[in-house]
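Structure first, commentary second.
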Amino acid sequence: MEGPQVQLVVTCLVDALAPQVGRATLAALEAAGCQVDFPSGQTCCGQPAFNVGLNDDARKMAAHTLDVLDETEGPIVVPSGSCAQMIVHHYLELFESTDRAAQAERVAGRTRELTQFLVDDLGVESPASCDGCSVAYHYSCHGLRGIGLEGQADQLLENVDRVDLEGDKECCGFGGLFSVEMPAVSAAIMNEKLDRVEASGADTLVGGDISCLTHLAGGLRRRGSKIEVKHIAELLASGDK
Amino acid sequence: MSQPVTFVSRADALLGSKEAAAVVKGIRHFTEARDRVAAEFPIMDELRDRAQAIRLHALNHLDRLLAHFADEVTRLGGVVHFASDAEEANRIVAEILARTNSRLVVKSKSMVSEEIELNTHLEGEGVEVVETDLGEFIVQLAGDTPSHIIAPVLHLTRQDVGRLFHEKLGVEYTEDPTELNEIARTHLRKIFLEADAGISGVNMAIAESGSVVLVTNEGNGRLTTTAPRVHIALMGMERIVSRWEDAAVVLEVLARSATGQRLSVYTNVISGPRREGDPDGPEEVHVVIIDNGRSEILGGPTAEILACIRCGACLNVCPVFRTVGGHAYGTVYSGPVGSIVTPGLHGMEPWWELPYASTLCGACEEVCPVRIQIPSMLLQLREQAASEGRLPGWLNKGMSRYARTTTDPEKWRRAKKWASLLSAPVASKGWIRRIPGPGRGWTRYRDFPRPDSESFSEWWRSNRGS
């Protein structure tokens, strides 16, 4: 069976800080029958600049990303709701009424978040596994409210042992550079989240965005917690490793 | 150049405080109730669409609606005043009070009166002003400021209130809410009957009938606007709708979003002063329509924030507001809506930092009864702040360097290599405990992962590259 040709965009954070998530995303896409290509030259979508209001810098990064991706064909798959939102929504704003508007439209139209692509486009059912672990899932805000993810992760995790996490659709306090500019407030929100994660009884915290997960994992480590943090792609690919 | 980051210092001081704990506890009541009534009301989302359309229509026809409203108020025997700024509004109110020989004034809750600092002004003129909304009454007794647009004492506990009443009113200490209510009620009742004038806010003005709508849960609004001889209603100039049907829609979503009630306990409609044969009501009704920076907002990119109906739902769901409370914002309008309204009304200096006091999680927009696109307005204000050169130097320089690096794949490859090499000596088991420089805020509270020695791109090149 010949699967679709897809373009993998791993995001700057996965590329530099969590390459295992990139490999897991690749494995998950291949397990779903996709032919995966990794457009070379990809770096950062520009969201860090856009979120602090430095839109000229954001536009440069976005233009670079558009040039890299517009040369390719087929669905563009990103293991991050946040970066997907940047490409799908904010690129259109950044390039509104410019000569890149059409390019931004083309690329936005092809871009999908990983769980959205697997469930909505490929009809993948419940391949995730995590032997012997009990999983709390954190629904990252930008995936949830930015691009309207709804239940895709739940479906993929159907065969995984889940625990209820209070406030699992509430913000973790990361907020990009907010976590550096207002670190104490960010950490206070995070610690409330981590209190809830610990109270849930989970031994594994899973999410779909490595940005929030880096913040939460760093917080758990600082608290001396043994709870493991994983990107959902790592559970999707776990049969493969 | 860097501005004093005042939100941060206020917020940091509030973290872990008794006040912040009271906020967390109090707010849960609102969010749970809001979610419950929204879920049981199948047309909630449809009414939100309609409420949004109604409010945007009003903003788009503001001049016409205000003129119509003013005509109708006049026809009913009321007097309309336009105030371009806080000073003029305060002067108008003081003049009405002086002319009518009003020395004792009762007030029902009005955020715009907080905005123009009316109490301070009137007290300077020798007028005694008594707040009659329970929360505002407590704030006034304590010499405090409100911390939430609909729940002014969200930051206090009932023990705090018990102690305050004991100290200031000379009653025995109690922390029983019913008893505390009774104490305030008894104290205020006398004052209501003696007051010369009543000052209220306006939740909504209805152009077609010249009516002013006031919603309260305590009945103090009704007494304030009927018992004294003179009633002065203060309204922000955007607080208007065309018709009664429009007001009905807004009321449906207002109470549900604000307190999780289907309807507030009292919905007062005031249409002019007492008429022949009326058993009660004021002899004079004045409506002061206040601009105070609103025209500026109306002409700019955040105009739609004026559609806000002041329910406070965005405050209640905001992770930042919930963690630090309203006083961190240093201004009357706090939370997500306040972070847009405040720089709009009072200028970017020193308020430009408020739009940054958000994780952009989008919870505010999800509950907004008039569907204001709050995160995107916060981003617009951030863009304005950044383009005005208000961001700290490290961020400007750092981001422009990052942009140069990430628009050149070879530079990006080398940057990842260097980051991994340089962090090797300070990392332990793949994590860094302390980052120097601007990143230090991160590692004050969390570890940071060491950049991998083989990035995903490198791995791909070695293993899959053709």
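Just so you know, the sequences run in chain order E and F.
Using the numbering used here, read the first sequence as starting at 22 and increasing by one per residue.
Using the numbering used here, read the second sequence as starting at -4 and increasing by one per residue.
Idealized CB from N, CA, C, for every residue including glycine.
On a predicted model such as this, the values are computed, not experimentally measured, just so you know.
Alpha-carbon spacing of residue i relative to residue j, whole angstroms
| i | j | result |
| --- | --- | --- |
| Arg244/E | Asp224/E | 14 angstroms |
| Met(-4)/F | Trp389/F | Caution is warranted here: a pLDDT of 33 is assigned to Met(-4)/F, below 50, making its placement in the model unreliable, and the coordinate value is therefore given only provisionally. Rounded to the nearest angstrom, the two C-alpha atoms are 9 angstroms apart. |
| Ile91/F | Pro268/F | 15 angstroms |
| Arg183/E | Tyr158/E | 8 angstroms |
| Arg86/F | Gly157/F | 36 angstroms |
| Leu113/F | Val260/F | 27 angstroms |
| Gln124/E | Thr402/F | 17 angstroms |
| Ala105/E | Leu165/E | 11 angstroms |
| Ala202/F | Ala65/F | 8 angstroms |
| Pro446/F | Val134/F | 51 angstroms |
| Phe71/E | Ala410/F | 21 angstroms |
| Ala37/E | Leu139/E | 24 angstroms |
| Met107/E | Leu246/F | 36 angstroms |
| Cys151/E | Val42/E | 15 angstroms |
| Glu449/F | Pro404/F | 15 angstroms |
| Thr93/E | Leu113/E | 19 angstroms |
| Arg131/E | Pro96/E | 5 angstroms |
| Val1/E | Gln379/F | Since the first residue of chain E shown is 22 and the last is 262, residue 1/E is not available in this structure. |
| Lys424/F | Trp413/F | 18 angstroms |
| Leu29/E | Ile22/F | 42 angstroms |
Beta strand (DSSP E) segment containing residue i, residue limits
| i | result |
| --- | --- |
| Tyr261/F | Tyr261 to Ile265 |
| Met230/F | Val225 to Gly231 |
| Ile285/F | Glu279 to Ile285 |
| Phe77/F | Val74 to Ala78 |
| Val98/E | Ile97 to Val99 |
| Val73/E | No beta strand (DSSP E) holds Val73/E; the alpha helix (DSSP H) holding it covers Gln68 to Val73. |
| Lys269/E | This structure gives no information on residue 269/E, because the portion of chain E shown stretches from 22 to 262. |
| Gln176/E | Per DSSP, Gln176/E belongs to no beta strand (DSSP E); it is in the alpha helix (DSSP H), Gln173 to Leu177. |
Spatial neighbours of residue i in its chain, beta-carbon cut-off 8 angstroms, leaving aside the 5 residues before and after
| i | result |
| --- | --- |
| Leu186/E | Ala157, Tyr158, His159, Arg217, Val218, Ser221 and Ala223 |
| Ala28/F | Thr254, Gly255 and Gln256 |
| Thr220/F | Ser103, Gly193, Ser195, Leu209, His226, Ala228, Asn263, Ile265 and Pro277 |
| Leu136/F | Leu159, Phe160, Lys163 and Leu164 |
| Trp437/F | Ile430 and Phe443 |
| Glu299/F | Leu51, Leu54, Ile367, Gln368 and Met372 |
| Leu249/F | Asn198, Val210, Ser259, Ile304, Cys306 and Pro364 |
| Phe2/F | Ala323, Tyr324, Gly325, Glu348, Leu349, Tyr351 and Ala352 |
| Arg251/F | Arg29, Val32, Ala33, Phe36, Met39, Arg257 and Pro364 |
C-beta atoms of residue i and residue j nearer than 7 angstroms
| i | j | result |
| --- | --- | --- |
| Cys359/F | Ile369/F | yes |
| Gly197/E | Asp442/F | no |
| Leu301/F | Leu42/F | no |
| Val89/E | Val27/E | no |
| Ala209/E | Thr318/F | yes |
| Ala254/E | Ala53/E | no |
| Arg385/F | Trp347/F | yes |
| Gly130/F | Val148/F | yes |
| Asn215/F | Thr127/F | yes |
| Ala190/F | Leu99/F | yes |
Extent of the continuous alpha helix (DSSP H) run through residue i
| i | result |
| --- | --- |
| Asp155/F | Arg153 to Leu164 |
| Tyr324/F | Neither: Tyr324/F is in no alpha helix (DSSP H) and is coded neither H nor E. |
| Tyr158/E | It is not in any alpha helix (DSSP H) - Tyr158/E instead sits in the beta strand (DSSP E) that spans Val156 to His159. |
| Ser232/E | Ile231 to Arg243 |
| Val312/F | Ala308 to Val312 |
Sequence-distant residues of the same chain with beta carbon closer than 7 angstroms to residue i, five excluded per side
| i | result |
| --- | --- |
| Asp7/F | none |
| His85/E | Thr64 |
| Phe199/E | Ser207 |
| Arg153/F | Glu170, Pro172 and Leu175 |
| Pro(-1)/F | Residue placement at Pro(-1)/F cannot be trusted, given a pLDDT of 43 that sits under 50; the coordinates are not used to answer. |
| Val244/F | Leu42, Arg45, Ala46 and Ile49 |
| Arg428/F | Thr438 and Asp442 |
Sequence-distant residues of the same chain with beta carbon closer than 6 angstroms to residue i, five excluded per side
| i | result |
| --- | --- |
| Ala149/E | Leu177, Leu178, Val181, Leu256 and Leu257 |
| Ala81/F | Ile111 and Asn287 |
| Val75/F | Ala65, Val68 and Val282 |
| Asp230/E | Ser101, Gly102, Ser103 and Ser161 |
| Tyr168/F | Gly157 and His161 |
| Glu202/E | none |
| Ala78/F | Ala84, Ile87, Val283 and Ile285 |
Chain-ordered neighbours of residue i on chain C, where CB pairs are closer than 9 angstroms
| i | result |
| --- | --- |
| Thr93/E | Here chain C cannot be found, since the structure's protein chains are E and F. |
Presumed contact (8 angstroms Cβ cut-off) between residue i and residue j, rounded CB distance
| i | j | result |
| --- | --- | --- |
| Leu237/E | Cys193/E | 6 angstroms |
| Gly321/F | Ser329/F | 4 angstroms |
| Ala89/F | Leu71/F | Contact doesn't hold; Cβ gap of about 24 angstroms is too wide. |
| Thr400/F | Lys392/F | With a Cβ gap of about 12 angstroms, Thr400/F and Lys392/F do not count as contacting. |
| Ala200/F | Ile144/F | Actually they are not in contact, since the Cβ atoms of Ala200/F and Ile144/F sit about 18 angstroms apart, beyond 8 angstroms. |
| Phe187/F | Val312/F | Phe187/F to Val312/F, Cβ: 36 angstroms. No contact. |
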